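Everything on this sheet refers to the single structure shown next.
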Amino acid sequence: MPTLHNKTIIVTGASQGLGEQVAKAYAAARATVILIARHQKRLEKVYDAIVEAGHAEPFAICFDLLTAEDKEFDQLAATVAEATQGRLDGIVHCACYFNALSPLDFQTVPDWVKQFRINTIAPMGLTRAFSPLLKESPDASVLFVSESHGENPQAYWGGFGASKAALNYLGKVVADEWERFPNLRANILVPGAINSPQRIKSHPGESESERKTYQDVLPSFIWWVSGESKGRTGEIVYL
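Counting along the sequence shown from 1, when you hit position 71 you're at 70 in numbering that gives the first Met the number 0, and nothing is skipped either side.
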């Protein structure tokens with residue numbers, strides 16, 4: 000397993016599900032993790048678990064991706080820069096909003112807005128705000144966590160699939176714009192069917208044995224932010 004020693008990495012959606020597990024795995028791989036989520040109590044539990052495990056003390060920041068505008072993203076970047084003395088080596092965009100599977104006839108504009116705000120616009124706002132810090136890193140990696148319906152449209156996936164398709168586009172744009180920076184890379188990871196709260200919500204009739212565990216995908220999340228993935232950028236990777 001690659002080490003993430005001396006790396007400082009932001010993980011969004013770090014208070015539960017995949018984001019929580021990625022954050023804990025990074026801490027175990029010796030990274031300093033910046034936990035970002037909007038649920039304070041859940042965030043504190045993840046922070047405490049990392050500290051109790053004897054890993055590097057993380058930073059925990061309660062932040063609402065749904066309502067944030069440019070000034071809030073910029074202030075967050077300034078806060079992180081001060082706390083880490085200007086060190087940032089990666090962002091993993093795990094935060095996600097999934098409403099429910101339904102025909103378009105029953106989906107609403109507010110539902111679509113909410114999914115795009117968290118699934119697409121927030122990753123853009125964060126990546127833009129933190130770009131100056133990332134460019135100072137000797138080796139920085141940004142991961143956009145997507146979903147298969149972002150590439151394969153299907154009935155009932157409506158706003159969620161559309162927001163993930165836009166996320167894939169965003170990841171490709173970032174990678175292309177960073178092409179002249181050999182120290183930067185951006186990739187899209189598609190975890191697939193994992194035993195997460197989102198999967199349980201979207202596929203309630205599916206048995207647990209039909210899903211992968213977090214442990215099945217965490218090594219890939221570590222590899223793609225480690226120095227071993229340097230030079231790989233602009234890819235959509237199915238785990």
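The C-beta atom is built at its ideal place from N, Cα and C for all residues, glycine as well.
Quick caveat: nothing in here was measured; it's all calculated off a predicted structure.
Straight-line gap, residue i to residue j (C-alpha atoms, nearest Å)
i       : j       : result
Glu-135 : Arg-86  : 8 Å
Val-189 : Pro-131 : 27 Å
Ala-94  : Ala-36  : 8 Å
Asn-5   : Gln-214 : 23 Å
Ala-185 : Tyr-46  : 26 Å
Phe-220 : Ile-33  : 16 Å
Gly-226 : His-38  : 31 Å
Glu-176 : Ala-59  : 30 Å
Residue i, DSSP secondary structure in three states
i       : result
Ser-219 : helix
Lys-113 : helix
Asn-118 : helix
Ala-164 : helix
His-148 : helix
Lys-171 : helix
Lys-211 : strand
Residues that DSSP places opposite residue i in a beta bridge
i       : result
Thr-66  : DSSP, once it has assigned bridges, lists no residue as partnering Thr-66.
Ile-242 : No answer is possible for residue 242: the residues shown for the chain start at 0 and end at 238.
Val-91  : Val-10 and Leu-142
CB contact flag (residue i, residue j, <8 Å)
i       : j       : result
Asp-138 : Lys-229 : yes
Ile-193 : Val-236 : no
Ala-27  : Ala-55  : no
Could you name each continuous alpha helix (DSSP H) segment of 4 residues or more that falls completely within the region 15–60, going from the start of the chain to the end?
16–27 and 39–51
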